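Read through the structure below, which is laid out as structure tokens, and then see the notes.
Numbering (the working numbering), first residue to last: 1469 to 1589.
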């Protein structure tokens, strides 16, 4: 059975671009650690795209393929995927491992960033 290709407009970061794109960013950055072979990870790119839309100008959202970036996978002790890590001012400020709903992720983000967006619940 062929796997369905995951489509996303979420930018990819790598071991080589991580410092510039994440650690030196002037806004909080949500990084989704994932792999194409991971079935639960297939919900991540579409959810991250929704987060990009809802948090435009407040949070930068990127993704990192763990198999292609072993240095960061080891450095941030990624042992289960999908994993989301939130960085602010070059430091990790939050980490969660699971394929949660967009609402769960939004609530978690709102607790960590200065200007919560909310969804009108």
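Think of the CB as a built atom: it goes at the ideal place given N, C-alpha and C, for glycine as much as any other residue.
Computed from a predicted structure; not experimentally measured.
Outcome for residue i when other beta-carbon atoms lying within 10 angstroms are tallied against a minimum of 16
i: residue 1569; result: exposed
i: residue 1502; result: buried
i: residue 1561; result: exposed
i: residue 1477; result: exposed
i: residue 1496; result: buried
i: residue 1486; result: buried
i: residue 1574; result: buried
i: residue 1500; result: buried
i: residue 1488; result: exposed
Cα-Cα separation, residue i to residue j
i: residue 1483; j: residue 1550; result: 18 Å
i: residue 1555; j: residue 1530; result: 11 Å
i: residue 1505; j: residue 1533; result: 10 Å
i: residue 1578; j: residue 1564; result: 14 Å
i: residue 1552; j: residue 1498; result: 7 Å
i: residue 1605; j: residue 1494; result: Past the boundaries of the shown model lies residue 1605; the chain is included only from 1469 to 1589, so the question cannot be answered.
i: residue 1523; j: residue 1541; result: 25 Å
i: residue 1520; j: residue 1572; result: 15 Å
i: residue 1537; j: residue 1507; result: 19 Å
i: residue 1576; j: residue 1518; result: 15 Å
i: residue 1509; j: residue 1516; result: 11 Å
i: residue 1544; j: residue 1566; result: 16 Å
Sub-8 Å separation of residue i and residue j beta-carbons
i: residue 1491; j: residue 1558; result: yes
i: residue 1528; j: residue 1581; result: no
Practice problem: Kindly provide the ranges of any beta strand (DSSP E) runs that are 3 or more residues long and lie completely inside the segment 1532-1578, ordered along the chain. | Solution: 1551-1556, 1559-1565
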